[in-house]
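With this note's numbering as the guide, the letters of the sequence shown map in order to residues 453 to 932.
Note that the Cβ used here is the ideal one computed from N, Cα and C, for glycine as well.
Working notes, structure below.
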Amino acid sequence: MRKSRHEINRYAMLGVLTGGLLLGSLPLLSGCGAAKDDEIVLRVANWEEYMDEGDWDEEDAVEFSDGTILCPESSLVEDFEEWYYETYGQKVRVEYSTFGTNEELYNQITIGDVYDLACPSEYMIMKMMTEGMLEPYSEAFYDADIPENYYVRGVSPYIAGVYDELAIGGEVLSTYAAGYMWGTLGIVYNPEEVTEEEASTWKLLLNEKYAKQITIKDSVRDAFFAGVSIYQYDDITAETFRQSDTYARDMYNKLNATDAVTVDAVEDILSAIKRNVYSFETDSGKADMVTGKVLANQQWSGDAVYTMDQAEEDGVELCYSTPEESTNLWFDGWVMLKDGISEAPEKKQAAEAFVNYLSMPENAVRNMMYIGYTSVIAGGDSEKVLDYVNWCYEADPEEMDEEDMVEYDICYFFDNEDAVIVTSEDQTRRQLFAQYPTAEVMDRSVIMAYFDAEGNERINRMWTNVRCFDLKNWWEGLAK
């Protein structure tokens, strides 16, 4: 059974609003555990419940097409330590710590905690790049001829393209970050109550037919994305706009606009959404969907998979939609911290090796199986990741009528013409769709930028008005 990082609020409201950023749950790693003379200490910070901890049940074992069986007993961290010694003849000890939000990680670093390797989300990676906090990956890390370089050989060409094209301050992300997990932002809904057409737009959040039966993320960035998509609906869904040669660039600019006119309009939309929804939530939306307390919920794709799995155990079939306006393409990636690496070549080698070890196809499968999110690893020449997708979703012709089976094309991700899953028709709206959206969905996906100081201040002020004061609703109430 998949597990999910269900305690995570990827963009904590308090941290975004105050800029003071949350203190808290990470242990202070500076100076922890003196290293032996022949031992490298690698300090790693990752999201809570975001890496395989081992101890699999036999019923969870995955059998690959080459006959090998995956059913680990130890954690990936323990296995890496053993693999590193066998590969490089050097002992390494990983001091593994977790964080709950990007802001929490950033705060711990700025108050003096030292990490060698961390896994923030895309906008925090861009912020850290801008502030000169990151150590670039070595040229050798991207040398596909080195046998231990599993990342460069296995990363999805689609994801590699995103990292190579997304730039800030004239530098591309792949210089400072290697991918880990990725996904989309969409809507989980109950198809018995909400139609597929109704769930195909962010306007569902404003649909009075479902007043107090929908929830939205208590996150300024995720809420803003839905709001700005609604605001720009007519423009970004126009056929002439979508057929434009500059469509991708124009979409990015429109959905990352922070000018006063746009932000004021989004504030009006989010104020209306606040009146209509059951609540803004950080984690309760999953349970509320499973129990039927609400009928639809704005969700990250990995949590959507978890929600659909849990509901299925109770005999309830939920679906996942990526609205027609656009979906947010998000990702978490591994970055090396300059203060931690400190120009120590043995530290940098160990950090890059850790990323490469996690990028082994079988280890990518271990992580996906454990947390429910989707790895950036396609596997290159290895079929193990594609085997896993088939193991999860391939239809059994002995148990299903042929008319209920469809071909689901995810060749764009695997760069493999054989990456077509014969699956049940409902999986085109359910877990498979959430984990591996279609190429058409990715064509209208947008990464949310790291906003500059002026834009960030404007959006935070808007969010404060919506969430804390709701001044527009208060003023309208007085006018009545």
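Let me know if residue i comes out buried or exposed under the rule of 16 or more other beta-carbons within 10 Å of its beta-carbon.
i: residue 774; result: buried
i: residue 780; result: buried
i: residue 851; result: exposed
i: residue 921; result: exposed
i: residue 612; result: buried
i: residue 771; result: buried
i: residue 748; result: buried
i: residue 571; result: buried
i: residue 520; result: exposed
i: residue 544; result: buried
i: residue 546; result: buried
i: residue 445; result: Here the chain has residues from 453 to 932 only, and residue 445 is not among them.
i: residue 498; result: buried
i: residue 754; result: buried
i: residue 823; result: buried
i: residue 839; result: buried
i: residue 713; result: exposed
i: residue 955; result: What is shown of the chain runs 453 to 932, which leaves residue 955 out entirely.
Looking at the strands, I want to know which residues DSSP matches up with residue i.
i: residue 666; result: 748
i: residue 635; result: 782
i: residue 732; result: 668
i: residue 716; result: Bridge partners of residue 716: none, in fact.
i: residue 857; result: 876
i: residue 829; result: 607
i: residue 788; result: 569, 587
i: residue 641; result: 748, 771
In terms of residues, what are the limits of the beta strand (DSSP E) holding residue i?
i: residue 875; result: 872-876
i: residue 549; result: 543-551
i: residue 902; result: Per DSSP, residue 902 belongs to no beta strand (DSSP E) and is neither H nor E.
As a quick exercise: from the options, pick the residue whose alpha carbon is nearest that of residue i.
i: residue 919; options: 525, 573, 671, 536; result: 671
i: residue 515; options: 665, 603, 818, 595; result: 818
i: residue 745; options: 667, 873, 678; result: 667
i: residue 605; options: 553, 810, 662; result: 810
i: residue 760; options: 539, 737, 507; result: 737
i: residue 661; options: 559, 822, 523, 647; result: 647
i: residue 917; options: 491, 595, 677, 719; result: 719
i: residue 908; options: 673, 510, 834, 788; result: 673
i: residue 710; options: 913, 503, 798, 494; result: 913
i: residue 578; options: 619, 705, 539, 697; result: 619
i: residue 639; options: 656, 561, 631; result: 656
i: residue 608; options: 778, 505, 866, 677; result: 866
i: residue 650; options: 848, 502, 792, 777; result: 777
i: residue 586; options: 825, 637, 864, 790; result: 790
i: residue 899; options: 551, 575, 500; result: 575
i: residue 741; options: 762, 724, 884; result: 762
i: residue 769; options: 882, 533, 496, 491; result: 882
i: residue 536; options: 752, 767, 494; result: 494
i: residue 513; options: 807, 844, 712, 602; result: 844
i: residue 862; options: 549, 561, 890, 874; result: 890
i: residue 654; options: 602, 631, 750, 595; result: 750
i: residue 722; options: 531, 683, 635; result: 683
With DSSP collapsed to three states, give me the class of residue i.
i: residue 629; result: strand
i: residue 501; result: coil
i: residue 793; result: helix
i: residue 571; result: coil
i: residue 619; result: strand
i: residue 589; result: coil
i: residue 771; result: strand
i: residue 540; result: helix
i: residue 482; result: With a pLDDT of 37 at residue 482, under the threshold of 50, the predicted position of this residue should be treated as unreliable, though the coordinate-derived value follows. It is coil, neither helix nor strand.
i: residue 812; result: coil
i: residue 650; result: helix
i: residue 526; result: coil
i: residue 467; result: Caution is warranted here: a pLDDT of 36 is assigned to residue 467, below 50, making its placement in the model unreliable, and no coordinate value can be reported.
i: residue 491; result: strand
i: residue 455; result: Residue placement at residue 455 is flagged as unreliable, the pLDDT there being 34, under the threshold of 50; the coordinate-derived value follows with that caveat. It is coil, neither helix nor strand.
i: residue 477; result: Low local confidence applies: a pLDDT of 38 at residue 477 is under 50, so the model's placement there is unreliable, with the coordinate-based value given in what follows. In the structure shown, residue 477 sits in coil (DSSP, three-state: anything other than H, G, I, E or B).
i: residue 521; result: strand
For the alpha helix (DSSP H) containing residue i, name the first residue and the last one.
i: residue 893; result: 891-895
i: residue 837; result: 836-845
i: residue 693; result: 691-694
i: residue 557; result: 554-562
i: residue 516; result: That residue, residue 516, is in no alpha helix (DSSP H); it is neither H nor E in DSSP.
i: residue 883; result: 883-887
i: residue 707; result: 699-707
i: residue 758; result: 753-765
i: residue 862; result: Per DSSP, residue 862 belongs to no alpha helix (DSSP H) and is neither H nor E.
i: residue 685; result: 685-688
Please confirm whether residue i has its beta-carbon closer than 8 Å to some beta-carbon of chain D.
i: residue 534; result: As a matter of chain content, chain D is missing from the structure shown, which is built from one protein chain.
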